[in-house]
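Visitor: If you're matching positions, the sequence shown starts at 3 in the numbering used here and goes up one per residue. The C-beta atom is built at its ideal place from N, Cα and C for all residues, glycine as well. This one's a predicted model, so the numbers in the text were calculated from it and none came from an experiment. Here you go, one structure.
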Amino acid sequence: MKIRVIVSGAGGKMGREVVRAVCGAEDMELAGAADPQHAGGDAGILAGLGELGVPVASSVKEALTKADADCVVDFTTPAAAFGNVMEALEAGKRVVFGTTGLGESELSEIDRVARAKDLGVIHAPNFAIGAVLMMRFAAEAARFMEHVEIIELHHDQKKDAPSGTAIKTAEMIWEARGEKKLEIPGEMEVISGSRGGEHRGIRIHSVRLPGLVAHQEVILGHVGQTLTIRHDSLDRSSFMPGVLLAIRKVREVTGLVYGLERLLFDA
Ligand code: NAP
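So this is what it looks like as structure tokens:
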């Protein structure tokens, strides 16, 4: 039996890539698609695959009434994703979502509802294996090199800042070594925001430029030396092996699993 997938945000940059990946996976089938601006179109044509006979619904709720599915995959916007995930859970469907920008309270609520319904949800702020390794190496290095700053760089249409990957990296560093907020005595911001934002005591700097996809540098400092750990997603196909893995694994989990590393490294 193939895994039947509804793609939410099917007309977006990531959604189109997910449609192509699901259609290319032998054990999966595109059951439906949702995207308000592209409602009425064909998901295959949007993804450049030719007509698939899978119409794009105007909402996840509508897509769920039109097609039977095992799983909903959401790559939309921070404003839309929470409602989409809740609609899917209410309909008894498992969810994989990569949309970033949701707050801690929304993620907790998703976990609570998924557990109450005995369903699994997998969310990763970054589905690229190299990014997961970059975060893991950074957390390990930060145990030995106290000074850390994160620079994340993305395309100029990204809505949320800082990126979910940067937030997750700061959290992994914090988990690895505890809170170590490093103050510079007498430091003064001549222009507000110059030193970036701060999460778990770590400075995060966000760069937005056309031509970029998704990139991050973690720069660590110690006496007389620096160590830079960098990952570059050069193409959105970099996220697809992780997304397909999550679609396969979401049947085996209950509640919210946050981070691709939980699927790769946890026993
Ligand atoms: P995008 O090109 O703007 O695509 C988002 C799509 O979702 C748009 O077509 C948008 O339509 C549609 N949409 C908006 N509201 C919707 C709703 N209620 N139901 C269904 N579809 C809706 O953005 P993107 O580059 O694909 O990125 C999408 C999200 O994925 C972002 O949060 C981004 O940060 C995240 N992302 C995550 C990863 C990861 O590995 N986790 C990787 C890359 C990106 P409109 O244009 O009409 O608004």
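Quick test of the definition: if touching needs 3 or more C-beta pairs under 8 Å, does the region 64-72 touch the region 112-120?
Guide: No: the two stretches stay apart, fewer than three of their Cβ pairs being nearer than 8 Å.
Visitor: Tell me, please, whether the region 46-56 touches the region 18-37 by the rule of three or more beta-carbon pairs shorter than 8 Å.
Guide: They touch, by the three-pair rule.
Visitor: Return yes when the C-beta of Phe241 is under 7 Å from any heavy atom of ligand 1, and no when it is not.
Guide: Your numbering for residue 241 matches position 239 in the sequence shown. Yes, the beta carbon of Phe241 sits closer than 7 Å to at least one heavy atom of ligand 1.
Visitor: Out of Thr102, Ile153, Val87, point me to the one whose CA is closest to Leu2's CA.
Guide: Nothing about residue 2 can be reported from this structure: the residues present for the chain run from 3 to 269 only.
Visitor: Would you say the beta carbon of Met136 comes nearer than 7 Å to a heavy atom of ligand 1?
Guide: For this step, residue 136 is matched to residue 134 along the sequence shown. No - ligand 1 has no heavy atom lying nearer than 7 Å to the Cβ of Met136.
Visitor: With burial defined as no fewer than 16 other Cβ atoms inside 10 Å of the residue's Cβ, what is the status of His125: buried or exposed?
Guide: Taking the sequence shown and counting its residues from 1, one reaches residue 125 at position 123. Buried, because 16 or more other Cβ atoms sit within 10 Å of the Cβ of His125.
Visitor: How many angstroms separate the CA atom of Glu53 from the CA atom of Cys25?
Guide: Taking the sequence shown and counting its residues from 1, one reaches residue 53 at position 51. Taking the sequence shown and counting its residues from 1, one reaches residue 25 at position 23. Looking at the two C-alpha atoms, the distance is approximately 12 Å.
Visitor: Buried or exposed for Asp158, going by 16 or more other Cβ atoms inside 10 Å?
Guide: Looking up residue 158 in the sequence shown gives position 156. When all chains shown are included, Asp158 counts as exposed.
Visitor: Return no unless some Cβ of chain D is closer than 8 Å to the Cβ of Ala33.
Guide: Looking for chain D here will not work: only one protein chain is present.
Visitor: Among Ser10, Val62, Ala144, Thr79, which residue has its Cα nearest to the Cα of Gly203?
Guide: Taking the first residue of the sequence shown as 1, we reach residue 203 at position 201. When each option's Cα is compared against that of Gly203, the closest is Ala144.
Visitor: From which residue to which residue does the alpha helix (DSSP H) around Asp113 run?
Guide: Taking the first residue of the sequence shown as 1, we reach residue 113 at position 111. Its alpha helix (DSSP H) spans residues 106-118.
Visitor: Would you kindly work out how many angstroms separate the C-alpha atoms of Lys251 and Glu189, rounded to a whole number?
Guide: Taking the sequence shown and counting its residues from 1, one reaches residue 251 at position 249. Taking the sequence shown and counting its residues from 1, one reaches residue 189 at position 187. Each residue's Cα considered, the two are about 47 Å apart.
Visitor: Ligand 1 and Phe84: does the residue's C-beta get closer than 7 Å to at least one heavy atom of that ligand?
Guide: Within the sequence shown, the letter at position 82 stands for residue 84. No; taking the cut-off as 7 Å, the Cβ of Phe84 has no heavy atom of ligand 1 nearer than that.
Visitor: In the DSSP assignment, find the unbroken beta strand (DSSP E) run with Gly257 in it and report its ends.
Guide: Numbered from its first residue, the sequence shown carries residue 257 at position 255. Element bounds for Gly257: 257-260.
Visitor: Using a 10 Å radius around the Cβ and a threshold of 16 neighbouring Cβ atoms, would you call Val225 buried or exposed?
Guide: Numbered from its first residue, the sequence shown carries residue 225 at position 223. With fewer than 16 Cβ atoms within 10 Å of its Cβ, Val225 is classed as exposed.
Visitor: Please work out which residues of its chain come closer than 7 Å, Cβ to Cβ, to Ala269, disregarding the five sequence neighbours upstream and downstream, and give them in chain order.
Guide: Counting from one through the sequence shown, the residue named residue 269 turns up at place 267. Confidence is the limiting factor: at Ala269 the pLDDT is only 47, short of 50, which leaves the residue's position unreliable, though a coordinate-based value still follows. Excluding sequence neighbours, Ala269 sits near nothing in its chain.
Visitor: Between the region 214-223 and the region 90-97, can you find at least three pairs of beta-carbon atoms closer than 8 Å?
Guide: Too few Cβ pairs lie closer than 8 Å, so no.
Visitor: Using only alpha-carbon positions, find the residue among Val74, Pro164, Pro57 that is nearest to Gly103.
Guide: Translated into the one-based positions of the sequence shown, residue 103 becomes position 101. Ranking Val74, Pro164, Pro57 by Cα distance to Gly103 puts Pro164 first.
Visitor: Output the distance between the C-alpha atoms of Arg6 and Ser196, rounded to the nearest integer angstrom.
Guide: Taking the first residue of the sequence shown as 1, we reach residue 6 at position 4. Taking the first residue of the sequence shown as 1, we reach residue 196 at position 194. So the alpha carbons of these two residues sit roughly 47 Å apart.
Visitor: Taking the C-alpha atoms as reference points, what is the distance between Val75 and Ala35?
Guide: Taking the first residue of the sequence shown as position 1, residue 75 is located at position 73. Taking the first residue of the sequence shown as position 1, residue 35 is located at position 33. Cα to Cα, Val75 sits roughly 9 Å from Ala35.
Visitor: Let me check understanding here. Comparing Cα to Cα, which of Arg117, Ala130, Gly85 lies closest to Glu108?
Guide: Here residue 108 refers to the residue found at position 106 when the sequence shown is read from its first residue. Of the listed residues, the one whose Cα sits closest to Glu108 is Gly85.
Visitor: Is the separation between the beta-carbon of Ala168 and that of Phe241 shorter than 8 Å?
Guide: On the sequence shown, position 166 is the one that residue 168 refers to. On the sequence shown, position 239 is the one that residue 241 refers to. Cβ distance not < 8 Å, so Ala168 and Phe241 don't count as in contact.
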